[in-house]
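Numbering (this note's numbering), first residue to last: 18 to 353.
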């Protein structure tokens with residue numbers, strides 16, 4: 018375990034972020050992993066379940082581990098106006114973006130063991146000037162790429178139970194996906210995934226199953242030629258580079274229990290191809306991991322939950338899993 022605490026950015030304070038952060042602290046305060054929130058202290062104080070919890074405002078993240086058991090540590094960075102649950106406010110966008118930026122900076126400096134991000138609402142951030150498709154793309158712009166230029170992040174991975182899925186394309190309209198997929202993009206995604214499986218998950222010889230794009234993986238070209246012209250050559254390149262890659266596999270038969278025994282991660286071509294099986298397997302406990310960056314970053318695999326925000330019914334399972342996974346990856350990177 019690293020000596021530095023994790024940083025947790027609060028996400029949209031009008032969503033379920035404040036209440037699931039409070040619940041995560043309650044669940045983890047005795048044994049950890051320790052974390053420090055970056056966000057609006059007022060939003061945490063007003064969150065369901067926060068009654069009787071002592072907030073511990075900190076001057077620096079370095080105090081966070083020692084303070085964690087006695088209260089919820091926070092670097093207080095207020096929004097311009099108090100958040101109303103269920104009503105996102107574009108005036109908070111700059112603060113929300115600033116929380117993520119500060120967490121990334123602290124992780125890059127080694128003051129935080131990693132960054133865990135509570136959910137953001139892209140629409141309200143766009144209204145406030147945010148120019149990225151999501152957290153993953155934003156962190157890719159904030160953090161320099163890993164030293165090995167042959168495999169560039171950021172790359173999104175989702176994990177639930179015994180299933181890990183990585184994405185070749187992320188937040189792209191489905192109509193654009195076929196034109197975006199190319200040989201080099203698939204190879205890069207495979208390399209980033211294989212190296213993360215070894216570095217962050219301790220898998221000595223990672224096995225990568227590559228999904229096809231089309232139904233039945235193209236049916237030998239009858240249902241599309243991307244598998245023949247792009248994906249199969251990319252798999253062959255990955256094999257030449259030392260990655261145990263197989264496929265292209267029909268996505269409709271790749272994720273059942275027996276199939277999952279044959280690979281350590283599946284490389285998927287587009288968003289829903291990857292996220293649907295993860296959420297079917299464990300809707301409440303899935304974790305989003307950003308691969309290929311010099312910092313550790315995870316997040317819960319769900320959104321802001323504006324429809325239930327402030328009611329005290331939001332589940333913190335995914336955030337707790339994300340915090341635990343971030344700590345495990347950070348410890349593995351730190352070594353013995």
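Cβ atoms here follow ideal geometry from the backbone N, Cα and C, with glycine treated the same way.
Owing to the predicted nature of the structure, the values given are computational and were not obtained by experimental measurement.
* Asked: So, are the CB atoms of residue 296 and residue 318 less than 9 angstroms apart?
  -> Working through the chain shown from its first residue, we reach residue 296 at position 279. Working through the chain shown from its first residue, we reach residue 318 at position 301. Yes, these two residues count as a Cβ contact at 9 angstroms.
* alpha helix (DSSP H) containing residue 210: first to last residue? -> As a working note, residue 210 is residue 193 in the chain shown. Annotation for residue 210: the continuous alpha helix (DSSP H) segment containing it runs 200-218.
* Within its chain, find whatever has a CB closer than 6 angstroms to the CB of residue 149; leave out the 5 residues flanking it on each side and keep chain order. => Here residue 149 corresponds to residue number 132 of the chain shown, with the count starting at 1. The beta carbon of residue 149 sits closer than 6 angstroms to the beta carbons of 155 from its chain, once the five residues preceding and following it are set aside; these are given in chain order.
* Mark residue 273 as exposed unless 16 or more other C-beta atoms lie within 10 angstroms of its C-beta, in which case mark it buried. => Mapped onto the chain shown, residue 273 falls at position 256. Per the 10 Å Cβ criterion, exposed.
* Asked: Under a Cβ-count criterion, where at least 16 other Cβ atoms within 10 Å of its own Cβ denotes burial, should residue 321 be classed as buried or exposed?
  -> Here residue 321 corresponds to residue number 304 of the chain shown, with the count starting at 1. By the C-beta density criterion, residue 321 is buried, having at least 16 other C-beta atoms within 10 angstroms.
* Asked: Just the Cα atoms here: how many angstroms apart are residue 189 and residue 288?
  -> Numbered from its first residue, the chain shown carries residue 189 at position 172. Numbered from its first residue, the chain shown carries residue 288 at position 271. Rounded to whole angstroms, the gap between the alpha carbons of residue 189 and residue 288 is 8 angstroms.
* Using 10 angstroms around the beta-carbon of residue 158, count the other beta-carbons present and answer buried if the total reaches 16, otherwise exposed. => Counting from one through the chain shown, the residue named residue 158 turns up at place 141. Exposed is the call here.
* Using a Cβ-Cβ cut-off of 6 angstroms (strictly less than) and excluding sequence neighbours within five positions of residue 58, which residues of its own chain qualify? -> For the purposes of this step, residue 58 is taken as residue 41 along the chain shown, with counting starting at 1. Take residue 58, set aside five residues on each side of it, and the residues of its chain with a beta-carbon closer than 6 angstroms to its own are 72, 91 and 93, in chain order.
* What first and last residue would you give for the beta strand (DSSP E) that runs through residue 266? -> Within the chain shown, numbered from 1, the residue matching residue 266 stands at position 249. 261-266 is the span of the beta strand (DSSP E), which, as asked, contains residue 266.
* Specify, as a first and last residue, the run of the alpha helix (DSSP H) that residue 348 falls within. => On the chain shown, position 331 is the one that residue 348 refers to. Following the DSSP letters along the chain, one finds residue 348 inside the alpha helix (DSSP H) bounded by residues 334-351.
* Asked: Would you say residue 209 and residue 285 are within 9 angstroms of each other, going by their C-beta atoms?
  -> As a position in the chain shown, residue 209 is number 192, starting the count at 1. As a position in the chain shown, residue 285 is number 268, starting the count at 1. Against a cut-off of 9 angstroms, the Cβ pair of residue 285 and residue 209 comes out as no contact.
* Is DSSP giving residue 173 helix, strand or coil here? -> In the chain shown, residue 173 corresponds to position 156, counting from 1. DSSP places residue 173 in the strand class (E or B) of the three-state scheme.
* **Exposure of residue 269, with buried meaning 16 or more beta-carbon neighbours within 10 Å** => Taking the first residue of the chain shown as position 1, residue 269 is located at position 252. By the neighbour-count rule (16 or more Cβ atoms within 10 Å), residue 269 is not buried but exposed.
* When you compare only the Cα positions, how much space is there between residue 215 and residue 348? -> Within the chain shown, residue 215 is the residue found at index 198, counting from 1. Within the chain shown, residue 348 is the residue found at index 331, counting from 1. Distance between the alpha carbons of residue 215 and residue 348 is about 14 angstroms.
* To do: Spell out the partners DSSP gives residue 142 in its beta bridges.
  => Here residue 142 refers to the residue found at position 125 of the chain shown. DSSP lists no partner for residue 142.
* Taking contact to mean at least 3 C-beta pairs separated by less than 8 angstroms, is the region 62-70 in contact with the region 141-148? -> When Cβ pairs closer than 8 angstroms are counted between the two stretches, the region 62-70 is seen not to touch the region 141-148, the count staying below three.
* To do: Using beta-carbon positions only, say whether residue 327 and residue 36 come within less than 9 angstroms of one another.
  => The sequence position of residue 327 within the chain shown is 310, counting from 1. The sequence position of residue 36 within the chain shown is 19, counting from 1. Yes, the pair counts as a contact, with Cβ atoms nearer than the cut-off.
* **Every unbroken beta strand (DSSP E) inside the region 54-125 [3 residues or more]** => Runs of beta strand (DSSP E) with 3 or more residues, each lying fully within the region 54-125, are found at 72-74 and 89-93, listed in chain order.
* To do: Could you tell me whether the region 336-350 touches the region 192-205, where touching means 3 or more Cβ pairs closer than 8 angstroms?
  => Contact check between the region 336-350 and the region 192-205: fewer than three CB pairs, one atom from each, fall below 8 angstroms, which does not count as touching.
* Asked: Does the beta carbon of residue 223 come closer than 9 angstroms to any beta carbon on chain B?
  -> The chain labelled as chain B is not found in the depicted structure, where only one protein chain is given.
* Would you say residue 344 and residue 84 are within 9 angstroms of each other, going by their C-beta atoms? -> Taking the chain shown and counting its residues from 1, the one referred to as residue 344 is at position 327. Taking the chain shown and counting its residues from 1, the one referred to as residue 84 is at position 67. Their beta carbons are not under 9 angstroms apart, which means residue 344 does not touch residue 84 by this criterion.
* Candidates 329, 336 and 300, of which the one nearest residue 314 by Cα -> In the chain shown, residue 314 corresponds to position 297, counting from 1. For residue 314, the nearest C-alpha among the options comes from 336.
* Asked: residue 316: which of 81, 137 and 101 sits nearest, CA to CA?
  -> Here residue 316 corresponds to residue number 299 of the chain shown, with the count starting at 1. The shortest CA-to-CA distance from residue 316 to any of 81, 137 and 101 is the one to 137.
* Asked: From 302, 330, 212 and 142, pick the residue whose C-alpha is nearest to that of residue 171; which is it?
  -> In the chain shown, counting from the first residue as 1, residue 171 sits at position 154. When each option's Cα is compared against that of residue 171, the closest is 212.
* **C-alpha distance - residue 177 paired with residue 302, whole-angstrom precision** => Against the chain shown, residue 177 aligns to sequence position 160. Against the chain shown, residue 302 aligns to sequence position 285. C-alpha separation (whole angstroms): 6 angstroms.
* Over the uninterrupted beta strand (DSSP E) stretch that includes residue 242, give me the two end residues. => On the chain shown, residue 242 is found 225 positions in, with the first residue counted as 1. That residue, residue 242, is in no beta strand (DSSP E); it is neither H nor E in DSSP.
* **Of the residues 278, 195 and 283, the one placed nearest residue 243, counting alpha carbons only** => Counting from 1 along the chain shown, the entry for residue 243 is found at position 226. Residue 243 has its Cα closest to that of 195, out of 278, 195 and 283.
* To do: Would you kindly report the start and end of the unbroken alpha helix (DSSP H) that includes residue 254?
  => For the purposes of this step, residue 254 is identified with residue 237 of the chain shown, where counting begins at 1. Unbroken alpha helix (DSSP H) run through residue 254: 249-257.
* Asked: Mind checking residue 230: buried by the 16 CB within 10 Å criterion, or exposed?
  -> The count along the chain shown starts at 1 and reaches residue 230 at position 213. Around the C-beta of residue 230, 16 or more other C-beta atoms lie within 10 Å, and the residue is accordingly described as buried.
* For my contact list, residue 125 and residue 100 are in at a C-beta cut-off of 8 angstroms; report their separation, rounded to the angstrom. => Working through the chain shown from its first residue, we reach residue 125 at position 108. Working through the chain shown from its first residue, we reach residue 100 at position 83. In this structure residue 125 is not in contact with residue 100, their Cβ atoms being roughly 28 angstroms apart against a cut-off of 8 angstroms.
* To do: Rounded to whole angstroms, what's the CA-CA distance from residue 25 to residue 132? Just pull it up for me.
  => Residue 25 sits at position 8 when you count from the first residue of the chain shown. Residue 132 sits at position 115 when you count from the first residue of the chain shown. Rounded to the nearest whole angstrom, the C-alpha separation of residue 25 and residue 132 is 6 angstroms.
* Asked: Of the choices 123, 121 and 143, whose alpha-carbon is the least far from that of residue 111?
  -> On the chain shown, residue 111 is found 94 positions in, with the first residue counted as 1. For the options 123, 121 and 143, the alpha carbon positioned closest to that of residue 111 is the one of 143.
* Asked: Fully enclosed by the region 296-334, which alpha helix (DSSP H) runs are 4 residues long or longer?
  -> Taking 4 residues as the shortest admissible run, the region 296-334 contains no complete alpha helix (DSSP H) segment at all.
* **residue 307 classed as buried or exposed, judged by whether at least 16 other C-beta atoms fall within 10 angstroms** => Taking the first residue of the chain shown as 1, we reach residue 307 at position 290. So residue 307 counts as buried.
* Less than 8 angstroms between the CB atoms is what I'm expecting for residue 51 and residue 22, so what's the real figure, rounded? => Taking the chain shown and counting its residues from 1, one reaches residue 51 at position 34. Taking the chain shown and counting its residues from 1, one reaches residue 22 at position 5. So it is a contact: roughly 4 angstroms between Cβ atoms.
* Asked: Taking Cβ to Cβ, would you say residue 28 is nearer than 9 angstroms to residue 153?
  -> If you number the chain shown from 1, residue 28 lands on position 11. If you number the chain shown from 1, residue 153 lands on position 136. Residue 28 is not a Cβ neighbour of residue 153, given a cutoff of 9 angstroms.
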